[in-house]
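Participant: Please read through the structure below; I'll follow up with questions.
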Amino acid sequence: MKYAWYPGCSAEGNSLAYDKTSRMIAEALGIEFQEINDWNCCGATEYFSVDQLPAYALVARNLALIDAEETPQVIAPCSACYINLKKTDEKMAKYERLNLEVNEALAAGSLSYEPGSVKSRHFLDVVCNDVGYEAVKEKVTQSLAGLTLIPYYGCYMGRPEDNFDHPERPETMDTLLKTLGANVPDYALKTTCCGGHMTQLSAKASLRMLHHLLKGADKLKPDAMVVGCPMCQLNLDAYQADVNSAFNTDYQIPIVYFSQVMGLAFGMDPKTLMFERGIVSSQPMLEKWRSAEPAPKKRKRREKRDKNALPMPKPLET
Amino acid sequence: MTLEPNSVYERIITELPDGEKLKSCLQCGNCTGSCPSALDMDYAPRGLFALIAAGQDDKVLRSNTFWYCVSCYQCTVRCPQEIPITDIMYNLKHQAIEKGLYTTDAKDFSKTFIGMVEYFGRSFELGLAAGFHMLHHPLESVKMAPMALGMLSRGRLSLIPARIKNMGQLRAILDKAKEIGAQK
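As they're listed, the protein sequences go chains V and B.
When the letters of the first sequence are read in order and numbered with our numbering, they come out as residues 105 to 422.
When the letters of the second sequence are read in order and numbered with our numbering, they come out as residues 397 to 580.
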């Protein structure tokens with residue numbers, strides 16, 4: 105099946121690394137996709153919180169631009185984009201009045217959207233549940249064995265409702281990272297909020313939340329935290345130094361996207377995976393991975409028989 | 397319980413899909429216990445819902461509670477009465493802006509963000525940060541310089557905003573949506 109692709113605004117700046125590597129992974133896994141022509145911003149959490157109807161109309165324009173016959177599902181790598189596309193489609197399907205009003209607004213731009221015709225999917229969901237762990241495993245040429253990676257899901261992979269994973273105990277990324285060969289500890293705060301836009305509004309509140317997450321992660325001695333959302337990545341990565349100076353700590357945890365570590369495991373050149381875009385350096389993780397023992401070669405199917413061993417019993421000749 | 401017309405309580409119930417579930421609030425406090433921002437709020441969610449039910453609209457709309465909401469939906473998934481708490485917080489922001497009652501500059505952040513989207517069709521991180529922080533706390537924004545430079549040097553902050561091609565179409569859609577919204 106072919107998917108529509110909604111990159112989201114941060115794909116062009118902040119999370120270019122995520123955008124580029126997730127396209128590389130999609131290609132490697134044979135996921136066919138087509139970017140929505142002339143897509144616009146999903147409004148993040150800002151638009152919905154101030155003016156509901158234009159916020160729905162803003163998102164619905166993207167859904168209306170998709171040819172539902174050709175691509176009945178849309179992939180969003182960003183969790184906030186995913187949840188906004190999904191929420192708009194589902195609320196329009198559930199509330200007839202909202203559906204009529206949004207379509208009336210869309211008509212002003214000669215567009216229309218039939219709720220339920222395009223299903224929104226997170227890229228992680230498509231990788232793990234459509235492609236599947238078995239197919240991912242087949243692509244692994246350079247196991248991540250020896251690396252301790254903490255999966256951090258944030259809010260929107262499981263919340264608010266009927267998303268692709270459990271609201272508080274998700275497993276998708278845990279299983280994916282284990283499939284890549286990494287050591288995956290159980291991180292109790294994997295769905296605790298990173299603070300979202302709070303870094304822009306209250307340093308005190310946001311640094312406290314980030315400190316909480318980093319402190320919990322640091323105890324597990326990770327080589328990196330793995331995320332699937334540009335907002336989570338930005339907050340944990342770019343504000344880690346601020347957390348260190350505010351709480352007198354010295355956390356140096358690289359925050360990487362799952363698509364980047366998949367690239368490593370798939371044997372792609374680390375230089376093309378844009379690890380250098382992280383504010384906290386990923387070099388220690390990469391060096392550890394490079395110096396790791398090469399995986400033992402597959403054992404021969406049958407061991408040679410020891411000449412001195414006792415003969416195998418044979419059936420009696422009659 | 398009778399509802400005062402146009403009270404905060406009544407507006408939540410009539411304006412919001414599933415808003416009437418607020419009537420079933422048990423005051424159990426799961427929302428407050430789950431909230432990552434509760435420490436910074438002057439009324440945590442459970443307390444705020446008690447104020448709403450008691451008709452203390454002025455206190456409700458002047459509180460910083462909903463401006464500190466980070467939209468994590470933890471309260472919503474844990475609420476035993478399935479009250480759409482995060483959506484209620486959004487609705488309260490809307491009501492506070494409408495009445496001109498707000499105590500934080502979080503509103504301006506949202507408005508600046510929306511302004512970018514309405515002008516370019518895309519969000520523009522540098523413009524957002526500059527427009528918001530330079531205007532509201534120019535002294536504080538100096539402290540952000542090292543982080544901003546780190547982002548710039550790694551190519552993570554575009555200097556030029558991206559703009560969609562069919563901006564006229566998007567504007568027409570948004571204008572129409574605002575017109576319909578205003579009639580309600």
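Each residue gets a CB set at the ideal place from its N, CA and C atoms; glycine is no exception.
Which whole-angstrom value is the C-beta distance of M335 of chain V and C298 of chain V, which I expect to be below 8 Å?
Facilitator: Locating residue 335 of chain V in the first sequence gives position 231, where the first residue counts as 1. Locating residue 298 of chain V in the first sequence gives position 194, where the first residue counts as 1. So it is a contact: roughly 7 Å between Cβ atoms.
Participant: So what's S224 of chain V in DSSP terms, helix, strand or just coil?
Facilitator: As a working note, residue 224 of chain V is residue 120 in the first sequence. Strand at S224 of chain V.
Participant: As an exercise, report each continuous beta strand (DSSP E) stretch of at least 3 residues that is fully enclosed by the stretch 441 to 511 of chain B, in chain order.
Facilitator: none
Participant: Is there contact here, the stretch 543 to 558 of chain B with the stretch 370 to 385 of chain V, by at least three beta-carbon pairs under 8 Å?
Facilitator: yes
Participant: Can you have a look at D341 of chain V and say buried or exposed, based on whether 16 or more other CB atoms are within 10 angstroms of its CB?
Facilitator: One-based indexing of the first sequence puts residue 341 of chain V at position 237. By the 10 Å Cβ count, D341 of chain V comes out buried.
Participant: Does any residue of chain V have a CB that is nearer than 7 Å to the CB of G577 of chain B?
Facilitator: Here the question's residue 577 of chain B lines up with position 181 in the second sequence. Answer yes: the Cβ-Cβ gap between G577 of chain B and chain V drops below 7 Å somewhere.
Participant: Is DSSP giving T296 of chain V helix, strand or coil here?
Facilitator: Taking the first sequence and counting its residues from 1, the one referred to as residue 296 of chain V is at position 192. It is coil, neither helix nor strand.
Participant: Can you name the residues that DSSP bridges to V360 of chain V?
Facilitator: As a position in the first sequence, residue 360 of chain V is number 256, starting the count at 1. Answer is V:V330.
Participant: Looking at the C-beta of R263 of chain V, does it have a partner C-beta in chain B at a distance below 7 Å?
Facilitator: Translated into positions along the first sequence, residue 263 of chain V becomes position 159. Chain B, which has a Cβ nearer than 7 Å to the Cβ of R263 of chain V, makes this yes.
Participant: Have a look at V:N233, V:Q156 and V:N339 and flag the residue whose alpha-carbon is nearest the alpha-carbon of L318 of chain V.
Facilitator: To locate residue 318 of chain V, count along the first sequence from 1; it is residue 214. Comparing Cα positions, the closest option is V:N339.
Participant: For E406 of chain B, which three-state DSSP category applies?
Facilitator: Along the second sequence, one-based indexing puts residue 406 of chain B at 10. Reduced to three states, the DSSP call for E406 of chain B is helix.
Participant: When DSSP labels each residue in this structure, what does N166 of chain V get in the three-state scheme?
Facilitator: Residue mapping note: residue 166 of chain V aligns to position 62 of the first sequence, counting from 1. Helix at N166 of chain V.
Participant: For D142 of chain V, return the contacting residues in chain B, with the cut-off set at a CB-CB distance below 7 Å.
Facilitator: Working through the first sequence from its first residue, we reach residue 142 of chain V at position 38. What D142 of chain V touches in chain B: I560, K561 and N562.
Participant: List the residues of chain B that E391 of chain V touches, going by C-beta distances under 9 Å, in chain order.
Facilitator: Residue mapping note: residue 391 of chain V aligns to position 287 of the first sequence, counting from 1. Ordered by position in chain B, no residue passes the 9 Å Cβ test against E391 of chain V, which lies about 20 Å from the chain.
Participant: Give the secondary structure of I556 of chain B by DSSP, where H, G and I count as helix, E and B as strand, and everything else as coil.
Facilitator: Start at 1 with the first residue of the second sequence, and residue 556 of chain B comes out as number 160. In this structure, I556 of chain B counts as coil in the three-state DSSP scheme.
Participant: I need the DSSP call for Y107 of chain V, collapsed to helix, strand or coil.
Facilitator: Taking the first residue of the first sequence as position 1, residue 107 of chain V is located at position 3. Reduced to three states, the DSSP call for Y107 of chain V is strand.
Participant: Go through the stretch 219 to 268 of chain V residue by residue and report every complete run of the beta strand (DSSP E) that reaches 3 residues or more, in order.
Facilitator: 223 to 226 and 253 to 255
Participant: Going along the chain, which residues of its own chain have a beta-carbon closer than 7 Å to the beta-carbon of L447 of chain B, five neighbours each way excluded?
Facilitator: Counting from 1 along the second sequence, the entry for residue 447 of chain B is found at position 51. Contacts found: Y439, K455 and V456.
Participant: So who's on the other strand from F137 of chain V, going by DSSP bridges?
Facilitator: Sequence index remark: in the first sequence, residue 137 of chain V carries index 33 (1-based). DSSP output for F137 of chain V lists V:Y107 as bridge partner(s).
Participant: At least one CB of chain V closer than 7 Å to the CB of A526 of chain B: is that the case?
Facilitator: By 1-based counting over the second sequence, the position of residue 526 of chain B is 130. It does not; no Cβ of chain V falls within 7 Å.
Participant: Taking 7 Å as the threshold (beta carbon to beta carbon), is I359 of chain V in contact with chain B?
Facilitator: Here residue 359 of chain V is taken as the residue at index 255 of the first sequence, counted from 1. Judged by the 7 Å Cβ criterion, I359 of chain V is not in contact with chain B.
Participant: Quick one: grab the DSSP three-state call for V288 of chain V.
Facilitator: Translated into the one-based positions of the first sequence, residue 288 of chain V becomes position 184. In the structure shown, V288 of chain V sits in coil (DSSP, three-state: anything other than H, G, I, E or B).
Participant: Determine the burial state of I170 of chain V: buried for a count of at least 16 other Cβ atoms within 10 Å of its Cβ, exposed for fewer.
Facilitator: To locate residue 170 of chain V, count along the first sequence from 1; it is residue 66. The residue in question, I170 of chain V, is buried, as its Cβ has 16 or more Cβ neighbours within 10 Å.
Participant: If contact is defined by three or more beta carbon pairs under 8 Å, each pair taking one atom from either stretch, is the stretch 467 to 487 of chain B in contact with the stretch 406 to 415 of chain B?
Facilitator: Touching, yes.
Participant: Just to make sure I have the definition right: I need the residues of chain V whose C-beta is within less than 9 Å of the C-beta of Y464 of chain B. Which are they?
Facilitator: On the second sequence, residue 464 of chain B is found 68 positions in, with the first residue counted as 1. By Cβ distance, chain V contributes M302, L305, S306 and A309.
Participant: Got a sec: is the Cβ-Cβ distance from G222 of chain V to anything in chain B below 7 Å?
Facilitator: Taking the first residue of the first sequence as 1, we reach residue 222 of chain V at position 118. Gly is not the amino acid found at residue 222 of chain V; the sequence shown has Val there. Chain B contact via Cβ: absent.
Participant: Need the endpoints of the beta strand (DSSP E) that I424 of chain V sits in, please.
Facilitator: Nothing about residue 424 of chain V can be reported from this structure: the residues present for chain V run from 105 to 422 only.
Participant: Residues of chain B with CB closer than 7 Å to the CB of Q188 of chain V, please, in chain order.
Facilitator: The sequence position of residue 188 of chain V within the first sequence is 84, counting from 1. The sequence given here places Asn at residue 188 of chain V; Gln does not occur at that position. Correct list: empty, because the minimum Cβ distance to chain B is about 11 Å.
Participant: From D571 of chain B to G213 of chain V, what distance separates their C-alpha atoms?
Facilitator: In the second sequence, counting from the first residue as 1, residue 571 of chain B sits at position 175. In the first sequence, counting from the first residue as 1, residue 213 of chain V sits at position 109. Taking the straight line joining both Cα atoms gives about 10 Å.
Participant: Please indicate yes or no: does the CB of V231 of chain V lie closer than 6 Å to some heavy atom of the ligand MG?
Facilitator: Annotation note on the ligand MG: not contained in the displayed structure, which lists no ligands.
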